[in-house]
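What the sequence shown shows, in full-length UniProt numbering, is residues 1 to 435, in sequence order.
C-beta: ideal position from N, C-alpha, C; glycine also.
Note that the structure is a prediction, hence the values are computed from the model and not measured.
Each remark here refers to the structure printed beneath this line.
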Amino acid sequence: MAKIKENWLSILLAVVVILSMIFSALLWTNSLGYEWIANNDSEKGASQQTALQSVGDIYLPTQVILTNSDESQKLLYGQKKNLVLTLRKEMQKWQLAGFRRVARNDSSAYLNYLRNDDSIMLSYPDAMATGIFNQTFSKSIDTQKMPHINHIVIPLKGRDVVYLLDDDDFTVYRLNITQNANRSKLKKLIQNSGQRIDVDHKIVDNQPTVTYPHAIKLPVFAYQLSTQDIDNLTQNLLRSTNSSAFTVKKKGNDTTYMDGASKRLDYHRDTHTVSFNNYLGKDSTYQGASLYRHLYKRLTATGTNLDWMRFDSVNEKKQTIVFRSYVEGFPIFNEHGYGAVKLQANADGVERGQLSLFGLGIPLPIKESRVKLPPSSVVYNELRQAGKDKDITGLRIGYRWDDQNADSKVVKLEPTYYIYYHGKWVAYQTLIDDK
Numbered sequence: 001m002a003k004i005k006e007n008w009l010s011i012l013l014a015v016v017v018i019l020s021m022i023f024s025a026l027l028w029t030n031s032l033g034y035e036w037i038a039n040n041d042s043e044k045g046a047s048q049q050t051a052l053q054s055v056g057d058i059y060l061p062t063q064v065i066l067t068n069s070d071e072s073q074k075l076l077y078g079q080k081k082n083l084v085l086t087l088r089k090e091m092q093k094w095q096l097a098g099f100r101r102v103a104r105n106d107s108s109a110y111l112n113y114l115r116n117d118d119s120i121m122l123s124y125p126d127a128m129a130t131g132i133f134n135q136t137f138s139k140s141i142d143t144q145k146m147p148h149i150n151h152i153v154i155p156l157k158g159r160d161v162v163y164l165l166d167d168d169d170f171t172v173y174r175l176n177i178t179q180n181a182n183r184s185k186l187k188k189l190i191q192n193s194g195q196r197i198d199v200d201h202k203i204v205d206n207q208p209t210v211t212y213p214h215a216i217k218l219p220v221f222a223y224q225l226s227t228q229d230i231d232n233l234t235q236n237l238l239r240s241t242n243s244s245a246f247t248v249k250k251k252g253n254d255t256t257y258m259d260g261a262s263k264r265l266d267y268h269r270d271t272h273t274v275s276f277n278n279y280l281g282k283d284s285t286y287q288g289a290s291l292y293r294h295l296y297k298r299l300t301a302t303g304t305n306l307d308w309m310r311f312d313s314v315n316e317k318k319q320t321i322v323f324r325s326y327v328e329g330f331p332i333f334n335e336h337g338y339g340a341v342k343l344q345a346n347a348d349g350v351e352r353g354q355l356s357l358f359g360l361g362i363p364l365p366i367k368e369s370r371v372k373l374p375p376s377s378v379v380y381n382e383l384r385q386a387g388k389d390k391d392i393t394g395l396r397i398g399y400r401w402d403d404q405n406a407d408s409k410v411v412k413l414e415p416t417y418y419i420y421y422h423g424k425w426v427a428y429q430t431l432i433d434d435k
């Protein structure tokens with residue numbers, strides 16, 4: 001009996017050991033499985049982030065305007081889903097043929113296309129290289145015949161066509177959509193879009209301009225402040241593997257970092273802004289889409305948060321592009337350049353850049369009344385009375401980012417009119433008050 005009991009104890013002990021080994025194996029397997037899933041999720045997140053920072057996303061149109069049958073126009077914003085991204089997805093399916101010019105150097109005809117009845121229009125804030133348009137929308141438009149595009153007009157009735165417009169010489173090209181036009185889906189997308197504002201296209205000083213015929217109310221937005229570390233930014237821009245290799249000089253609120261004789265970065269502590277130069281020693285001018293692609297690469301190299309960043313303006317002669325943060329299709333402005341990056345390619349042997357350590361983080365809830373803005377005509381009249389109308393070359397609605405305290409972790413954005421005055425965008429009230 002004692003022997004049998006001893007045998008059973010041995011058997012039970014063996015079973016316990018075996019079960020322990022099995023459970024340990026399961027724990028290790030699950031642990032490895034969890035790590036694999038976590039790593040895959042991390043990689044997926046990284047790939048999604050990369051997708052959000054792709055050339056096609058940074059260089060997307062920012063404005064969507066619906067023109068009704070009576071030619072009244074509505075600016076669409078505040079959609080639950082990003083309307084521009086949805087329209088891009090549909091347009092990528094199109095098959096196009098019959099590239100034909102239908103207007104040129106005729107501002108009246110051009111305005112008619114801008115106001116094409118029963119249509120949807122996607123607009124860039126400035127001239128977009130057609131090569132980048134092709135890359136964004138999976139098309140093959142002739143870049144020699146049409147080097148730049150400002151607007152994409154999609155009629156919602158009649159023939160299945162699309163019009164491409166270039167503000168520079170009032171050129172319009174028409175293409176036939178031979179497959180996958182799917183205009184019924186486009187109409188449904190527009191019907192379900194969020195807020196609408198009355199707008200009207202006009203030609204002002206030979207420049208197509210979106211005007212606001214009535215007073216409008218726009219929301220106030222709030223975001224968490226995103227701050228880039230100056231050490232990380234210095235590493236990104238100077239590309240040294242060892243920060244001790246930098247020559248560092250401090251003078252007052254300014255710190256200068258140099259990596260040999262070729263790269264220099266100046267950090268202005270009081271404004272949290274940075275300017276940098278890369279001395280290449282030889283000129284090399286970029287043409288067309290190559291400029292946009294090159295400066296996109298330089299943008300991503302800064303390590304700046306690009307979640308809200310979009311292409312805003314270009315000066316091909318000066319080899320310069322400004323990228324700017326946007327909210328609901330409206331640009332964001334700050335006198336120190338918060339939320340914006342200005343880059344200049346190598347036009348004279350030097351690449352240059354200006355940016356801020358401050359950017360936009362996640363959106364935050366805010367209980368603020370909507371801000372009422374006057375019609376564009378009232379703004380023009382006030383500027384005329386202030387004697388500032390002669391040097392105005394542009395008007396747009398944007399969001400003002402006031403001076404930011406580094407200790408404050410919230411960014412508050414309020415809408416107002418901005419005027420292009422003496423080469424920069426200025427809040428119109430600032431111009432009026434500066435008599």
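From the DSSP output, in three-state form, read off residue i for me.
i	result
F133	helix
H422	coil
T416	strand
R370	coil
I152	strand
S377	helix
Q191	helix
K74	strand
R115	coil
L360	strand
A109	helix
L186	helix
I321	strand
D167	coil
residue 448	The chain is shown only over 1 to 435; residue 448 falls outside these bounds and no answer can be derived.
F330	strand
S408	coil
M128	strand
P147	coil
S123	strand
R159	coil
P61	coil
T304	coil
K202	strand
Q79	coil
I197	strand
Hey, out of the options, whose CA is closest to residue i's CA?
i	options	result
Q287	I58, S72, S369, A347	A347
W308	Y223, G353, A245	Y223
N150	A97, Q135, L114	L114
K145	L186, K187, F99	F99
V84	P375, Q429, G329	G329
N180	Y421, Y428, R88, P61	R88
L60	F133, V371, H336, N253	F133
N232	K263, T211, E368, T302	T302
Q195	Q63, R101, N334, F333	Q63
S72	K202, G252, K282, L306	K202
I154	K282, N206, Y173	Y173
D70	R159, E335, N116	N116
R400	Q385, G394, R324	R324
P432	S408, I152, G387	According to the sequence provided, residue 432 is Ile. The question's Pro does not apply to it. Of the candidates S408, I152, G387, the one whose C-alpha sits nearest the C-alpha of I432 is G387.
Y292	Q135, G78, T67	Q135
My assumption, with CB atoms under 8 Å, is that residue i sits in contact with residue j. Please give the rounded CB distance.
i	j	result
V341	D126	Incorrect: roughly 15 Å between the Cβ atoms, too far for contact.
D118	K157	5 Å
I190	W94	Not really, about 17 Å apart at Cβ, beyond 8 Å.
T247	G337	In fact, because the Cβ distance is near 26 Å, the residues do not count as touching under 8 Å.
Between which two residues does the beta strand (DSSP E) harbouring residue i extend?
i	result
E351	350-356
I177	171-179
A386	No beta strand (DSSP E) holds A386; DSSP gives it neither H nor E.
A340	340-344
N310	The sequence shown places Arg at residue 310, rather than the Asn named in the question. Start and end: 309-315.
residue 438	Because the chain is modelled from 1 through 435, residue 438 falls outside the range shown and cannot be assessed.
Y285	The identity of residue 285 in the sequence shown is Thr, whereas the question assumes Tyr. That residue, T285, is in no beta strand (DSSP E); it is neither H nor E in DSSP.
P365	It is not in any beta strand (DSSP E) - P365 carries neither H nor E in the DSSP assignment.
Hey, quick one: how far does the alpha helix (DSSP H) through residue i stretch, first residue to last?
i	result
T86	83-91
A301	289-301
D57	55-58
Q429	428-433
Answer yes or no: does any C-beta atom of chain D fall closer than 8 Å to that of residue i?
i	result
K249	Among the chains in the structure shown there is no chain D, since it carries only a single protein chain.
Continuous beta strand (DSSP E) assignments of at least 3 residues falling wholly in the region 213-277: 216-218, 221-227, 247-251, 254-259, 263-268
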